[in-house]
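S.K.: Let me give you the structure first, and then I'll get to my questions.
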Amino acid sequence: MKYGVNELGYYGDFGGAYIPEMLYPNIEELRQQYLKITAEPEFIAEFDQLLKDYVGRPSPLYLAKRFSERYGANIFFKREDLNHTGSHKINNAIGQILLAQRLGKKRIIAETGAGQHGVATATVCALMGIECVVYMGEVDMERQAPNVARMKMLGATVVPAISGSKTLKDATNEAMRDWINNPVDTHYIIGSVVGPYPYPEMVARFQSIISLEAKKQLLEQTGKDLPEYVIACVGGGSNAMGMFYHFLDDEDVKLIAVEAAGKGVDSGHSAATSVLGCEGILHGSRTILMQTNDGQVIEPYSISAGLDYPGIGPQHAHLHKIKRAQYVSITDDEALQAGLLCSQLEGIIPAIETAHALAHLERMKFNPGDNVIICISGRGDKDLTTYINYFGF
Ligand SMILES: *Cc1c(COP(=O)(O)O)cnc(C)c1O
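Okay, structure coming up:
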């Protein structure tokens, strides 16, 4: 595959595994085993069955009529918001827990920012009866108290990260440290298409179910399997990679990735990595990230906790550099307005992350009959307080 990973774990100039020597055995075990294990018929059968009966897949491809009228094209929503636990993150968590079991792991660790990935991980650990430890920045634990409670109710231990800015990157450091200290019995479930190879590739494959289904569903509904546009929001980039995956080689399909501009790209409060970032190393891979001239990671900002990440996955960095996908950014205000519009035109309250992708429609010009698929990455229940505070309901 032209846009896929090479044998060394690189997408063009990006990717690889830049890890401390002590993590090498863990990463090497994963690299050697994951393709073999995930290709076993018994693995595939269990993965497919859990996606169907536990997650509720296939998620519908819904022709949004009032959005279509407004924008003058056929706007299809790929409904990941209808998944169990409310977003696409469960697809990857299921895949990785099945892999961890087959690797003989007895304990799962994860990092989480907003808590969505932590909840998905705690969920699959409860499902399988495996011990779960989630690292979360102390500041994030205060901001996202309901998700902390959810993880505890599911039986997970939530450990506060109290170093640095006490947010996601500090939680990631703590999780890495834990893994170094427990290399034999523990698997680290990373929540997006980031981290050292093979994580970005593995997570993209688990999420690629999104575009596999969408292609088939579009064909059934329109007689064509290729849309003109595919749009998704990007934090680390896992819902977007899942949504793009089976369209990458179809060069006529325009891929659009939407980042969070926060208060504006030039405001100093942004997470628009493709505009503000440059090449460097983040969380074990070579990618594009927001950093100072002397290489310190810049704290990102977005009103949506899921897009508040200082980098993008290495495959996105590659797709950006070679211009296979277009990277755009949307402000907090634009996203919140789009979230309101979607609620009132379609009766669907989207996650604020997803609302960024929806907001980009306002800037596009379509030809009549164009087919557009947007990944509705998650539902907005978790964001109600933010919506309420903004609109004053
Ligand atoms: C976590 C999250 C995102 C961002 O993560 P990606 O890896 O970029 O997909 C987007 N939408 C929702 C609903 C999320 O929970």
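Taking this note's numbering, I'd label the letters of the sequence shown as residues 2 to 394. We put the CB at the ideal spot given by N, CA and C, even for glycine. As the structure is a prediction and not an experimental result, all values here were calculated from the model.
#1: Specify the secondary structure class of Q327 as computed by DSSP and reduced to three states.
#2: Closest by CA to R144, which one among I349, G307, R364?
#3: Cβ of V140 within 9 Å of Cβ of G116?
#4: Need the endpoints of the alpha helix (DSSP H) that M203 sits in, please.
#5: Across the segment 349 to 366 and the segment 80 to 88, are there enough close Cβ pairs to call them in contact, namely three or more that are closer than 8 Å?
#6: Report the residue ranges of all alpha helix (DSSP H) runs contained in full by the segment 42 to 94; include only those spanning at least 4 residues, in chain order.
#7: Compare the beta carbon distance of G1 and D309 with 9 Å and say whether it is the shorter of the two.
#8: Can you tell me which residues fall inside 7 Å of ligand 1, judged by beta-carbon distance to its nearest heavy atom, and keep chain order?
#9: Among N372, L36, L52, L9, which has the Cα closest to the Cα of V254?
#10: Within 10 Å of its beta-carbon, does S164 have 16 or more other beta-carbons around it, so buried, or fewer, so exposed?
#11: So what does DSSP say about V266, is it helix, strand or coil?
#12: Which complete alpha helix (DSSP H) runs does the segment 227 to 268 hold, if anything under 4 residues is left out?
#13: Across which residues does DSSP place R287 in a beta bridge pair?
#14: Considering only the beta carbon of each residue, do Y4 and Q316 sit closer than 9 Å?
#15: Could you say which of G278, G13, I76 lies nearest to K366 if we only look at CA atoms?
#16: Kindly indicate which three-state DSSP category E8 falls into: helix, strand or coil?
#17: As a quick exercise: from Q297, I95, V329, M203, pick the residue whose alpha carbon is nearest that of H118.
#18: Roughly how many angstroms separate the alpha carbons of E202 and L51, rounded to a whole number?
#19: Are V135 and N92 close, meaning C-beta to C-beta below 9 Å?
#20: Do you know how far the Cα of A123 is from the Cα of L99?
#21: Is the segment 232 to 239 touching the segment 351 to 361 in the sense that three or more CB pairs, one from each, lie closer than 8 Å?
#22: DSSP puts Q292 in a beta bridge; with which residues?
#23: In chain order, what residues of the same chain lie with their CB nearer than 6 Å to the CB of S303, ignoring the 5 residues before and after it?
#24: When you compare each of Q218, L277, P301, A318 to P61 by their alpha carbons, which one comes out closest?
#25: For the beta strand (DSSP E) containing H188, name the first residue and the last one.
#26: Does the beta-carbon of C133 have 16 or more other beta-carbons within 10 angstroms, so that it is buried, or is it exposed?
#27: Quick one: complete alpha helix (DSSP H) runs, 4+ long, within the segment 89 to 176?
#28: Just to confirm before moving on: does the CB-CB distance between I175 and A157 stay below 9 Å?
#29: Can you find at least 3 beta carbon pairs, one from the segment 183 to 200 and one from the segment 324 to 343, that sit closer than 8 Å?
#30: I'd like to know whether the C-beta atoms of S275 and S212 end up nearer to each other than 9 Å.
#31: Look at the Cβ atom of I191, then the Cβ atom of A101, and state whether they are nearer than 9 Å.
#32: Could you compute how far the alpha carbon of T332 sits from the alpha carbon of R364?
#33: Nearest CA to the CA of I20: which residue from F78, I181, Y63, Q33?
#34: From the DSSP output, read off the bridge partner residues of P351.
M.R.: On the basis of the supplied data:
#1: strand
#2: Selected option, being the one with the closest Cα: G307.
#3: no
#4: Where M203 is concerned, the enclosing alpha helix (DSSP H) stretches over 200 to 208.
#5: yes
#6: 42 to 51, 66 to 72
#7: This structure cannot speak to residue 1, because the chain is shown only from 2 to 394.
#8: S88, H89, K90, A115, Q117, H118, G192, S193, V194, C234, V235, G236, G237, G238, S239, N240, A241, G307, L308, A352, E354, T355, S378, G379
#9: N372
#10: exposed
#11: coil
#12: 239 to 245
#13: Per DSSP, G16, I282.
#14: yes
#15: I76
#16: coil
#17: It is I95.
#18: 21 Å
#19: no
#20: The C-alpha of L99 lies about 14 Å from the C-alpha of A123.
#21: yes
#22: V298
#23: A261, G263, A272, D309
#24: Q218
#25: 187 to 189
#26: buried
#27: 90 to 103, 117 to 129, 139 to 144, 146 to 154
#28: The sequence shown places Glu at residue 175, rather than the Ile named in the question. Going by C-beta atoms, E175 is not nearer than 9 Å to A157.
#29: no
#30: no
#31: Their beta carbons are not under 9 Å apart, which means I191 does not touch A101 by this criterion.
#32: 13 Å
#33: I181
#34: R380
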